[in-house]
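Asks:
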Amino acid sequence: MTDRPTPGRNPIARASGESRAIHLTLKADLYVEIATAPDSEFVNAWFIEVDLGTETISTLLKKCRDYEAYRRSGIEQADEGGFPLVAWSVTHSDPSKGQQRRLALQAAIERDRTLTPELFRIVAPDQLVSLLRVGGAS
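Position one of the sequence shown corresponds to residue 1274 (the numbering used here), numbered consecutively onward.
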């Protein structure tokens, strides 16, 4: 959750430390903030990634690692007070392959010890709006 809306933002992160420098360029397909109530100063923030079934699962996993590295850098938290969840909208021209891809990505995230699985939500495109409405509760 963040309390400072920045509509239309697409993050590009750069961080450096004393012992090593981190250079990370991360561009979400979409960044959204959803107010929890019309007069609320709090919003649920999301990075949204859209997979149309053209990339390998290992390519998607690399992007997940980029989000994890960005989260660990602390840049977003320092600027916004929290880190958005990452929603993956995963589809394929063959619906059964789309489901297989969603399951494969979820399993790959859970197996990868460098990732925080709670950071990621993986849904079919027709489930995305519902996910955003409930704020990522799992």
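Quick reminder that beta carbons are idealized off the backbone N, C-alpha and C, glycines included.
Just list the residues that DSSP pairs tyrosine 1343 with in beta bridges.
Replies: DSSP, once it has assigned bridges, lists no residue as partnering tyrosine 1343.
Asks: Could you check whether phenylalanine 1320 and alanine 1351 sit closer than 8 Å to each other, using their CB atoms as the reference points?
Replies: No, these two residues do not count as a Cβ contact at 8 Å.
Asks: Nearest to proline 1368 by CA position, among Pro1357, Gly1354 and Ala1397, is which residue?
Replies: Per the Cα distances, Ala1397.
Asks: What is the DSSP secondary structure of alanine 1308, reduced to helix, strand or coil?
Replies: Note: alanine 1308 maps to strand in three-state DSSP.
Asks: Could you tell me which residues DSSP pairs with serine 1362 in its beta bridges?
Replies: Partner(s): Val1323 and Val1396.
Asks: Just curious, the alpha helix (DSSP H) that arginine 1375 is in, first and last residue?
Replies: Run containing arginine 1375: 1368-1384, per the alpha helix (DSSP H) assignment.
Asks: For glutamine 1379, collect the residues of the same chain with a Cβ closer than 6 Å to its Cβ; drop the 5 residues on either side in sequence, then sort them by chain order.
Replies: So the qualifying residues of the chain are Ile1395.
Asks: Any idea if aspartate 1312 is buried or exposed, counting beta-carbon neighbours within 10 angstroms, 16 or more meaning buried?
Replies: Aspartate 1312 should be labelled exposed.
Asks: Terminal residues of the continuous alpha helix (DSSP H) containing leucine 1401?
Replies: Taken as a continuous stretch (DSSP letters only), the alpha helix (DSSP H) holding leucine 1401 covers 1401-1407.
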